[in-house]
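Residue numbers (this note's numbering): 2 to 693.
Every residue gets a Cβ at the ideal spot worked out from N, C-alpha and C, and that includes glycine.
These numbers come from a predicted model, not from an experiment.
One structure is given below, encoded as structure tokens.
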């Protein structure tokens, strides 16, 4: 490559001309244009990047002659000899190598006819790598946009096919209600026509069921799932910010550059500021995408105005769906190799590790452990501290199953994905707007992707302050102020339907190879827990009627087992991470809290069975079949197709005022005056920075 480059250089640049040779030359200087050069057709087209480079050289004081070779005129492929090097010039160059045989360069005679060059064809090969990549990206963009147009047309047809008439939806809904009533009476009750399933369950428990053996299996399986994760520890803490100066951050810096941060949000103007402030300690502004969404053509609040001081990208999606917002954000950040998805209330710690280097092999998603906090990162109420303990135990359990095979799903609050694989996951995702993170995990495993966990840090997320009754305040996202509202109406909604997807995965999916064994053991835990919730209203009362003393002892032993489990976790695992929970919360409140949650889970399973009638009366398209979702991406890519280059080239130029366009990505220049309301921000560097 260097040899080829040397041949292109002008003689002026590469060959020192001895002063005494000028007297022997037939012309004034060796760089004077000869007639073969004058015969070339005039061409003023010069690559923009090369022109810019020449201008910079002139400004820096390097006044080199703008010879033909300096302008790097493109030429056809070299077959026999370069068109820019006539034979006389080649011979003269060879003579320079041996000083004893120096001869003057013979110029063409004025009377001799000039043999014109066949044609000064400009090579299609780009001289600039940047321009070549730009052309390739434009071709790729055009091809992809055509594909998206086809997908959009298919989505419109699919949307029409999925539509049910009003009377069909009404018939479907009330038909399911009737089916549930008939099932309860004819299957469960049966009396006086016949003995129903409840009576036969009572008869089996009373006459055939071996209490000791049956409950030993049930409790033993629960103990395995509870205590096996305690065999591992959390990952080591990353170095604190004050020690990062002596720490090699090259890997983390490289991971940051290739990773985009996506923050879907809904009416989050009041809480997005601290989230962005923490995110800018790790990511540069151009890597951050705030995707506000809602069922409106115009933004529902002033989230964009809050984003302006930080100079991040803001996108308004007129479809009220978190998964559609993530879908649009994934395509807005297509230039990045990986994407980090976080909620609008997640505050990234300053030493947050970007573990995109772990996305290799079968691993396509890495979740992060989270912690529950109150307002302004405080410990919060006892309820929030109990949730903190619950979240951390869940994180350790997922980390264990991630090492064994695959976790069921990453927490919806934060996870990092390979961008292209995430796009494939959207194709597989059923499109439900509730429990979308659970279905992300299911789709990931079906496609052959493993889910592991990073437990080096606990990412803060604000949680409801009470179980049943709430005071004044507000939260982002869905905005539930109590655990009952959060879990009864949303988190637990797909517990029963999830059994179908879990069993389907266990028996039909084998794309993870040997990792499937651990993954299926993990998935079976969900099936096991849901079965307990469904059978508990029947088995527990019957068991207390038949053997009250034994069942009382067994229930106490079960509660004691889980208390021991929590104590070990708190005193070993959380002590090592300096995240211990107080004994008062642990022994008193947490036990009552878990019993209350178990009751909520049981009731919510049956409530969701009732609500399924109305929910599934309307057919739900996949994300890739949703006309609105595809329309968002098409509109976004149209805007990006004309503005991506300008975002890169004009990054340091003053930004002009922009009005928000529908489905348009808005890059905002950081406003230092407005920034003072959030505190001073340091200029972004490659390494993570300390909190403001």
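Out of 303, 417, 170, which one is the CA nearest neighbour of residue 261? 417
My assumption, with CB atoms under 8 Å, is that residue 331 sits in contact with residue 466. Please give the rounded CB distance. At roughly 33 Å, the Cβ-Cβ gap does not stay under 8 Å, so residue 331 and residue 466 are not in contact.
With DSSP as the reference, label residue 265 as helix, strand or coil. strand
Residue 562, DSSP secondary structure in three states: helix
Is the beta carbon of residue 483 less than 8 Å from the beta carbon of residue 494? no
Are residue 348 and residue 340 close, meaning C-beta to C-beta below 8 Å? no
Would you please state the rounded distance, in angstroms, between the beta carbons of residue 1 and residue 325? I believe it to be under 8 Å. Nothing can be reported for residue 1, as the shown portion of the chain is limited to 2 through 693.
One or two residues paired with residue 331 in a DSSP bridge: According to DSSP, which records beta bridges pairwise, residue 331 is partnered with nothing at all.
For my contact list, residue 320 and residue 273 are in at a C-beta cut-off of 8 Å; report their separation, rounded to the angstrom. That pair is no contact at about 19 Å.
Less than 8 Å between the C-beta atoms of residue 230 and residue 410, yes or no? Not closer than 8 Å, so no.
Beta-carbon separation of residue 559 and residue 218 under 8 Å? no
Check whether the stretch 441-459 and the stretch 363-376 touch, using three or more Cβ-Cβ pairs below 8 Å as the test. yes
Is DSSP giving residue 196 helix, strand or coil here? coil
Please confirm if residue 459 has its CB atom under 8 Å from at least one CB of chain C. Any reference to chain C falls outside this structure, which holds one protein chain only.
Distance between residue 216 and residue 264 (C-alpha atoms, nearest Å): 46 Å
When the Cα atoms are used, what is the spatial distance from residue 571 to residue 462? 20 Å
Suppose you measure from the CA of residue 318 to the CA of residue 309; what does that come to, to the nearest Å? 18 Å
Going by Cα to Cα distance, which pick from 208, 535, 627 is closest to residue 429? 627
Can you tell me the Cα-Cα spacing of residue 524 and residue 312, whole angstroms? 42 Å
First through last residue of the beta strand (DSSP E) which encompasses residue 488: Element bounds for residue 488: n/a, residue is neither H nor E.
Looking at residue 553 and residue 531, is the spacing between their C-beta atoms short of 8 Å? no
Would you report the Cα separation of residue 50 and residue 522, rounded to the nearest angstrom? For residue 50, the predicted structure reports a pLDDT of 43, less than 50, and the residue's modelled location is therefore unreliable. A value from the coordinates is still provided. Near 57 Å, if we compare the C-alpha coordinates of residue 522 and residue 50.
Could you give the DSSP three-state label for residue 418: helix, strand or coil? Three-state result, residue 418: strand.
According to the neighbour-count rule (16 or more other Cβ atoms, all chains shown, within 10 Å of its Cβ), is residue 343 buried or exposed? buried
Which one or two residues does DSSP pair with residue 371 in a beta bridge? 460
Might you give, ordered along the chain, the residues of its own chain that have their beta carbon closer than 8 Å to the beta carbon of residue 610, omitting 5 neighbours on each side? 181, 497
Please identify the residue among 346, 257, 361, 357 whose C-alpha is closest to the C-alpha of residue 286. Nearest of 346, 257, 361, 357 to residue 286, Cα basis: 257.
With distances taken Cα to Cα, identify the nearest neighbour of residue 161 among 585, 619, 366, 634. 619
Starting from residue 602 and walking both ways along the alpha helix (DSSP H), at which residues does that stretch end? 591-616
Exposed or buried, which one is residue 578 when buried takes at least 16 other CB atoms within 10 Å? buried
Suppose you measure from the CA of residue 581 to the CA of residue 163; what does that come to, to the nearest Å? 51 Å
Going by beta-carbon coordinates alone, are residue 449 and residue 519 separated by less than 8 Å? Not a contact, by the Cβ cut-off of 8 Å.
State buried or exposed for residue 176, treating a residue as buried only when at least 16 other CB atoms are found within 10 Å of its CB. A residue is called buried once 16 or more other Cβ atoms fall within 10 Å of its Cβ, and residue 176, having fewer, is exposed.
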